[in-house]
Amino acid sequence: MKIRAAVLEEFGKPLVVQDVDLAPPKAGEVLVRLAACGVCHTDMYTASGVDPSGYAPTVLGHEGAGVVEAVGEGVTSLQPGDHVVTLFSPECGTCVHCESGKTNICVAIREEQGKGHLPDGTTRLSRNGEPMRHFMGTSTFAEATVMPEIALAKIAKTASLEAACLLACGATTGLAAAIWKAEVEKGSSVAVFGAGMVGLGAVVGAKLQGAEQIIVVDKSADRLELAKKYGATETIVAHDETVRDILDRTGGQGADYTFEATGLVGVMGQAVEAARMGWGVCTVLGVAGKGEKLEIIPRFLITGRKVQGGSFGGAKGRTHVPQLVDMYLDGKIDLDGFISHRMPLDDVNRAFELMEQHDGIRTVLTF
Ligand SMILES: NC(=O)c1ccc[n+]([C@@H]2O[C@H](COP(=O)([O-])OP(=O)(O)OC[C@H]3O[C@@H](n4cnc5c(N)ncnc54)[C@H](O)[C@@H]3O)[C@@H](O)[C@H]2O)c1
Ligand SMILES: [Zn+2]
Ligand SMILES: [Zn+2]
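Numbers given in our numbering equal positions in the sequence shown, counted from 1, plus 16.
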């Protein structure tokens, strides 16, 4: 079938929206008609050419939500009409990592996904008979996509797909980090660095867990205002003595939990130092530039702080995303408030411009 899709033709150039061919799903695969797709930093990062593992041409996009249109042979957990969120991080349930229960990094299809292929080593996307690679196993800047069954989370049909798509990456990263990765405890103190989609997700997650003190740091006063709406009890405009400031606000000790959501290694270091002696847990979520290193004075570790990180915030997509959707439906997570702009696929380059200007939290493309 022909679909409209936003193609990265050349690094550093605007995406080109055009017709491409999408083949039907093969065994274990599912055809999804997309309803909405968030625009995330990773899309722009790849489009810019800075990502060393990036390739072109490809259809970008990885924050999708839509409706199952057809399923390939052997697909048992999904059927036409089901509502789904796309997962760049699958959950097969049977690989050595999934079975361990210790990590969300499923290794079932990792190698082929990294090459831009579906698990059987081929692509469903093509143009003029030439195969075109998939991006992050998702390629959701398009009217439809074909994805492995294990990379789709089935969600409640009553949830808005525009809101649910945010759970395909950014929102879940912060929420899951606070709820399941760090397991923030009731009554605890939390410091979140960066109040973008990921940091705000961590704020909401910490609040849901019952944290008593939630300090949010950002450079932007507007973002800090928003953070207050989402549960920040105190805000700090980032300054030279941010760590000192957090220690002062936590009885000189530091926060029980800190979360870094900026992608800046300097800020990651601050998040380590702002974690409490004895048991403070620092969760690093930002993606740093290639080759950058995080410096930690070993004394911070010897004296009992822990440092961890998590792709997708450690979320197991097929297990946790439907739970987060239910929490959204219960009114516990205001996903709609994160959507600052809605626009058609044809305006995808405008969405990148807004992101560069830090205008709003998330743009959602609608189809
Ligand atoms: N772990 C994952 O799987 C995963 C998933 C999605 C995004 N990410 C990464 O998470 C990071 C945040 O993503 P986002 O979408 O929220 O980005 P964003 O750009 O919307 O938010 C980052 C925020 O950090 C703030 N900031 C900048 N300098 C600061 C400083 N010195 N101190 C405190 N705050 C500062 C910015 O003002 C901004 O509000 C990015 O690095 C992104 O690539 C990781
Ligand atoms: Zn993303
Ligand atoms: Zn697995």
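Backbone N, C-alpha and C fix where the C-beta goes; we use that ideal spot for every residue, glycine too. Being a predicted model, the structure only gives us computed values, none of them experimental.
* If you measure from the CB of A254, is any heavy atom of ligand 1 nearer than 7 Å? -> yes
* **Whole-angstrom C-beta distance between T379 and E107, which should lie under 8 Å** => In fact, because the Cβ distance is near 27 Å, the residues do not count as touching under 8 Å.
* When you compare only the Cα positions, how much space is there between Q269 and I262? -> 9 Å
* Reduced DSSP secondary structure (H/G/I, E/B, other) of H396 -> Missing from the structure shown is residue 396; the chain here goes from 17 to 383 and no further.
* **Same chain, Cβ closer than 8 Å to E128, neighbours up to 5 away in sequence not counted** => L134, P135, D136, G137
* Give the straight-line distance between the Cα atoms of V112 and D362, rounded to the nearest whole angstrom. => 41 Å
* Under 8 Å between C-beta atoms of T382 and R358 -> yes
* My guess is that P100 and V84 are in contact by the Cβ rule of under 8 Å, so how many angstroms apart are they, rounded? -> The amino acid occupying residue 100 in the given sequence is Val; Pro does not appear at that position. Confirmed, about 6 Å.
* **Q78: CB within 7 Å of a non-hydrogen atom of ligand 2** => Per the sequence shown, residue 78 should be read as His rather than Gln. The answer is yes for H78.
* Of the residues P68, G186, K42, D59, which one's Cα is nearest the Cα of G333? -> G186
* Leaving out five residues before and five after S13 in sequence, what residues of the same chain have Cβ atoms less than 6 Å from its Cβ? -> Past the edges of the chain, shown from 17 to 383, lies residue 13, and the structure says nothing about it.
* CB A169 to CB P338, shorter than 8 Å? -> yes
* To do: Output the distance between the C-alpha atoms of G65 and G203, rounded to the nearest integer angstrom.
  => 44 Å
* What span of residues does the beta strand (DSSP E) with T80 cover, start to end? -> Before going further, note that residue 80 is Gly rather than Thr in the sequence given. Run containing G80: 79–87, per the beta strand (DSSP E) assignment.
* **Alpha-carbon spacing of R260 relative to W295, whole angstroms** => 18 Å
* To do: Please write down, chain order preserved, every residue whose beta carbon lies under 5 Å from a heavy atom of ligand 2.
  => C56, T58, C185
* Asked: Nearest to V208 by alpha carbon, out of A291, V162, D264?
  -> A291
* Reduced DSSP secondary structure (H/G/I, E/B, other) of S69 -> coil
* To do: Following the continuous alpha helix (DSSP H) through M284, name the residue where it begins and the one where it ends.
  => 281–289
* To do: Would you kindly work out how many angstroms separate the C-alpha atoms of G117 and T319, rounded to a whole number?
  => 29 Å
* **Nearest-residue set for ligand 3, Cβ under 7 Å from any heavy atom** => P106, E107, C108, G109, T110, C111, H113, C114, C122, V123, A124
* **Complete runs of the alpha helix (DSSP H) confined to the stretch 145–191 [at least 4 residues]** => 177–180
* Asked: Just curious, the beta strand (DSSP E) that I252 is in, first and last residue?
  -> 250–253
* State yes or no: is the beta carbon of F104 nearer than 8 Å to at least one beta carbon in chain D? => Here chain D cannot be found, since the structure has a single protein chain.
* **Alpha-carbon spacing of G282 relative to E276, whole angstroms** => 10 Å
* **M284 CB to nearest heavy atom of ligand 4 below 7 Å** => Ligands in the displayed structure: ligand 1, ligand 2 and ligand 3; ligand 4 is not one of them.
* According to DSSP, is M359 helix, strand or coil? -> strand
* To do: Closer than 8 Å by C-beta to G285: which residues in its own chain qualify, once you throw out the five before and the five after it? Chain order, please.
  => L310, E311, I312
* Can you name the start and end residues of the beta strand (DSSP E) that G54 belongs to? -> 45–54
* Under a three-way DSSP split, which group does A227 fall into? -> coil
* What is the rounded straight-line gap between the Cα of A80 and the Cα of A158? -> One point to set straight first is that residue 80 is Gly, not Ala, in the sequence displayed. Straight-line Cα distance between these residues: approximately 9 Å.
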